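Just so you know, the protein sequences line up as chains A and B, in that order.
As numbered in my numbering, residues 1 to 341 make up the first sequence, in order.
As numbered in my numbering, residues 342 to 682 make up the second sequence, in order.
To start, the structure itself, in structure tokens.
Number of protein chains: 2
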Amino acid sequence: MVITTKDIAKIANVSQSTVSRCLNNSSMISDKTKQRVLKIAKEHGFQFNASARSLSTRKTHTVGIVCLKRMFDDAHNIHYINWQDSLIENLERLQFYVIISLLINKFTGQNNIRKLISAKKVDGLIIMQQELDTESMAILEQSDIPYIFCKYLPTICKARDVDYVHVDQFKGGYLATQHLIGLGHQRIMCISAKVSGGEFEQRIEGYKTAFGDNALSFDKNPFLYGDGTFHSGYQLIQDNRDKLKGITAIFGQNDLMALGALSALREMHIKVPEDIAIIGYDNIKLCTYFQPYLTSVHQPFDEVALLTCKQLVDSMNSKESNIKQTLAVQPKLIIRQSCGA
Amino acid sequence: MVITTKDIAKIANVSQSTVSRCLNNSSMISDKTKQRVLKIAKEHGFQFNASARSLSTRKTHTVGIVCLKRMFDDAHNIHYINWQDSLIENLERLQFYVIISLLINKFTGQNNIRKLISAKKVDGLIIMQQELDTESMAILEQSDIPYIFCKYLPTICKARDVDYVHVDQFKGGYLATQHLIGLGHQRIMCISAKVSGGEFEQRIEGYKTAFGDNALSFDKNPFLYGDGTFHSGYQLIQDNRDKLKGITAIFGQNDLMALGALSALREMHIKVPEDIAIIGYDNIKLCTYFQPYLTSVHQPFDEVALLTCKQLVDSMNSKESNIKQTLAVQPKLIIRQSCGA
DNA sequence: AGGAAATATCTTATGCTTATCATAAAGCAA
DNA sequence: TTGCTTTATGATAAGCATAAGATATTTCCT
Chain A
1 MVITTKDIAK IANVSQSTVS RCLNNSSMIS DKTKQRVLKI AKEHGFQFNA SARSLSTRKT
61 HTVGIVCLKR MFDDAHNIHY INWQDSLIEN LERLQFYVII SLLINKFTGQ NNIRKLISAK
121 KVDGLIIMQQ ELDTESMAIL EQSDIPYIFC KYLPTICKAR DVDYVHVDQF KGGYLATQHL
181 IGLGHQRIMC ISAKVSGGEF EQRIEGYKTA FGDNALSFDK NPFLYGDGTF HSGYQLIQDN
241 RDKLKGITAI FGQNDLMALG ALSALREMHI KVPEDIAIIG YDNIKLCTYF QPYLTSVHQP
301 FDEVALLTCK QLVDSMNSKE SNIKQTLAVQ PKLIIRQSCG A
Chain B
342 MVITTKDIAK IANVSQSTVS RCLNNSSMIS DKTKQRVLKI AKEHGFQFNA SARSLSTRKT
402 HTVGIVCLKR MFDDAHNIHY INWQDSLIEN LERLQFYVII SLLINKFTGQ NNIRKLISAK
462 KVDGLIIMQQ ELDTESMAIL EQSDIPYIFC KYLPTICKAR DVDYVHVDQF KGGYLATQHL
522 IGLGHQRIMC ISAKVSGGEF EQRIEGYKTA FGDNALSFDK NPFLYGDGTF HSGYQLIQDN
582 RDKLKGITAI FGQNDLMALG ALSALREMHI KVPEDIAIIG YDNIKLCTYF QPYLTSVHQP
642 FDEVALLTCK QLVDSMNSKE SNIKQTLAVQ PKLIIRQSCG A
């Protein structure tokens, strides 16, 4: 059923290496032979045996995407899937197979990064993680395959010499805050989450800098911490009614928490944006599901995915190890109804 | 850096085939040798070269998941990712690598099912599709690897002899309708979508049967068709205010449309559940984000994923081609606030 | 035409593992 | 001890494609 180069060689009455050269578009081959072989290959629906080819060339044409957990419809991750999705699309466009893998196999305790690398299953890895344990990091560093961090990990990446692509979170926090200040808000509550990786911290830095740039003080402004889910945003507001006194705006560090807060405010009959303005972060689809539509900071995941794949493919193609690159993408303010602008 | 069986053979001072036998837990090997070889392998972090092994054994320990499009945060698919997610988790537990692939490579026009099969990249395939073109179906049927359809495709599957796992959508539609009728509703509007595959049609069959079982007529009840997105649910209500007259309940054939409808009703100051009850379908997280929380029909994706993987692995392990199986999972009614129960 | 250079093709080895067949060693019965 | 069965291990081939080295063919120049 399946045809190999050997079969084609027999049919075309040439050697196997000639077939290989034809199929690989090599020079040193006559046009006549090439056309003949290619025609036969096509007629028989020839496809390289990936294993044999990998064994010989040490290339798998496969990229692994490693992530810690996959709970896409909640938590900080309703939009996370878009990043991954866009990565897959880009990789397929570039003719790579894509293996998805959890960081650790929950049932065997096996480190999947190690497994993928030492089994030679992939040519490169994209790490989508908030943080990475030292063991995994060491495995990556000792490996000879290129890897890149996508989106997350600014703090960790900063400390190490690795490729990474991220959205400028400081800028995002700055943009959001500047927008609120521009609308006259000074008593702004921050709803954040304690997740490692430093993304949220950077947004807060942006927030603080915006205050500074406007010669304003944020000292009296409350900072509340949840876990990044919708319900934590909701709960934070419910549990801190007292802290709302005097507050005119809320900066939700992600859309889910912002929308959770919005939901709580609605139940408390506090009007948005009339009584309190709300701004979110991520620009997920949910922003435009229920009125008032949520003003948010868009993270251009398409651009990030494209850059990530490009950079990884560059590394995979070049023989020497490239100079590590940090690529930053600029977020964008999306103004809707929730701030009354 | 990377150690091979040949290296281990040299270190242990045995032949390569002995090493292979030890690592593969073969019989015909003395305990002493086995322990020694295993110890060396472990010390050096030995991992089989996947390509070489596949070439020799014709097994890749890899399963492909094929899907048409990936637009996970919208459309009918906010919960679709959970299915896939659960599949991946189950496959990793069973020690398989997972390749994700779009049905067609948008840029090359290449049929990825064919590519995965003829390149021998996978041992089995899971198809997550609403429908499948005849070419792809033919490729699958001619291939010698097992494949299974997950969740979708009841109509298509019924016509062919294939393995498939699905949720009993008829039952789901029946449960939802029965619940509404039990609460005294008879004038129920159906908000559905024209998506092929037959899922929605089956839910409607369940709806109709429930009416019949209660000796009621649904003849005057409106059936509205959108595209499955939140916004289409919203728009359907906005555009059909007139049809709401006399209606006491709405059956949204998926949660997104139901919530879209809910959002529209809210803007029209129609109270849910007091004026109109709403029931959804899918039981996505979003059901409990904004009050009134949406009553819905839960599709047990964990169970479906487990069954899918089990059945596929069975097929992959057995030498002869198994008898094709149809596995149905029962949906479950989740009662919340939106029907006033 | 003769010979070097360029072009086209073939032969063989290689990548890593497993499978098959062959061989050696050990155990046991007569 | 001989001969036979088990048990353990080694040697070689096979799986499929590519790479390197060898050979044949053509082209081109003097």
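Ideal Cβ positions, reconstructed from N, Cα and C, are used throughout, including at glycine.
All figures in this text were calculated on a predicted structure; none of them were measured in a lab.
| Asked | Found |
| --- | --- |
| Below-8 Å beta-carbon distance, Leu443/B vs any chain A residue | yes |
| Counted within 10 angstroms of its Cβ, other Cβ atoms place Phe413/B as buried (16 or more) or exposed | Unreliable placement is indicated for Phe413/B, whose pLDDT of 49 sits below 50; the coordinate value is still reported in the next sentence. With 16 or more other Cβ atoms within 10 Å, it is buried. |
| Coil, strand or helix - Met316/A by DSSP | helix |
| Short-range partners of chain A found in the region 605-635 of chain B, where Cβ spacing is below 9 Å | Arg607, Glu608, Ile625, Lys626, Leu627, Thr629, Tyr630, Phe631 and Gln632 |
| Rounded separation between Lys120/A and Thr60/A - CA only | 8 Å |
| Near-chain B residues of the region 18-49 of chain A - C-beta to any C-beta below 9 Å | Gly45, Phe46, Gln47, Phe48 and Asn49 |
| Cα-Cα separation, Ala534/B to Ile148/A | 41 Å |
| Helix, strand or coil at Leu125/A according to DSSP, with G and I counted as helix | strand |
| Backbone secondary structure at Phe46/A - three-state DSSP | coil |
| Close beta carbons around Ser263/A, own chain, < 6 Å, minus the five adjacent residues each side | Tyr234 |
| Under 8 Å between C-beta atoms of Leu648/B and Val506/B | yes |
| Any chain A beta carbon closer than 8 Å to Ser573/B | no |
| Nearest-angstrom Cα separation, counted from Leu432/B out to Asn365/B | 21 Å |
| Residues bridged to Phe223/A (per DSSP) | Cys190/A |
| Assumed close pair Val536/B, Gly569/B - CB separation to whole angstroms, cut-off 8 Å | 6 Å |
| Per DSSP, the bridge partner or partners of Asn452/B | Ile445/B |
| Own chain partners of Arg687/B with C-beta closer than 8 Å, once the 5 adjacent residues on each side are dropped | The question about residue 687/B has no answer, for chain B in this structure spans 342 to 682. |
| Proximity of Ile467/B and Val404/B at Cβ, strictly below 8 Å | yes |
| Cβ contact (3+ pairs, closer than 8 Å) linking the region 88-103 of chain A and the region 308-320 of chain A | yes |
| Cross-strand partners of His639/B (DSSP beta bridge) | Asp623/B and Lys673/B |
| Paired residues, beta bridge with Tyr488/B - DSSP | Leu466/B |
| Inter-residue CB distance, Ile617/B and Thr589/B (contact presumed, cutoff 8 Å) | 6 Å |
| Proximity test, Cβ basis, 8 Å: Lys319/A and chain B | no |
| Residue-chain proximity (Ser315/A, chain B), Cβ-Cβ < 8 Å | no |
| Nonlocal neighbours in the same chain, by C-beta distance under 6 Å from Val19/A, ignoring five residues either side | Thr5, Ile8, Ala9 and Val37 |
| Helix, strand or coil at His402/B [DSSP, three-state] | coil |
| For His507/B, the three-state DSSP class (helix, strand or coil) | strand |
| Where the region 434-462 of chain B meets chain A: residues whose CB sits under 9 Å from a CB there | Arg434, Leu435, Gln436, Tyr438, Val439, Ile440, Ile441, Ser442, Leu443, Asn446, Lys447, Phe448, Thr449, Gln451, Asn453, Arg455, Lys456, Leu457, Ile458, Ser459, Ala460, Lys461 and Lys462 |
| C-alpha gap between Ala328/A and His298/A, whole angstroms | 14 Å |
| Assigned exposure category for Glu199/A - 16 Cβ within 10 Å defines buried | buried |
| Cys650/B, DSSP secondary structure in three states | helix |
| Interface residues of the region 133-152 of chain A facing chain B [CB-CB below 9 Å] | Gln142, Ser143 and Asp144 |
| Phe107/A to Glu141/A span [Cα, whole Å] | 25 Å |
| Cβ-Cβ distance between Tyr634/B and Leu259/A below 8 Å | no |
| Per-residue DSSP class, three states only, for Thr667/B | strand |
| For Gly173/A: DSSP bridge partner residues | The partner list for Gly173/A (beta bridge, DSSP) is empty, contrary to what the question assumes. |
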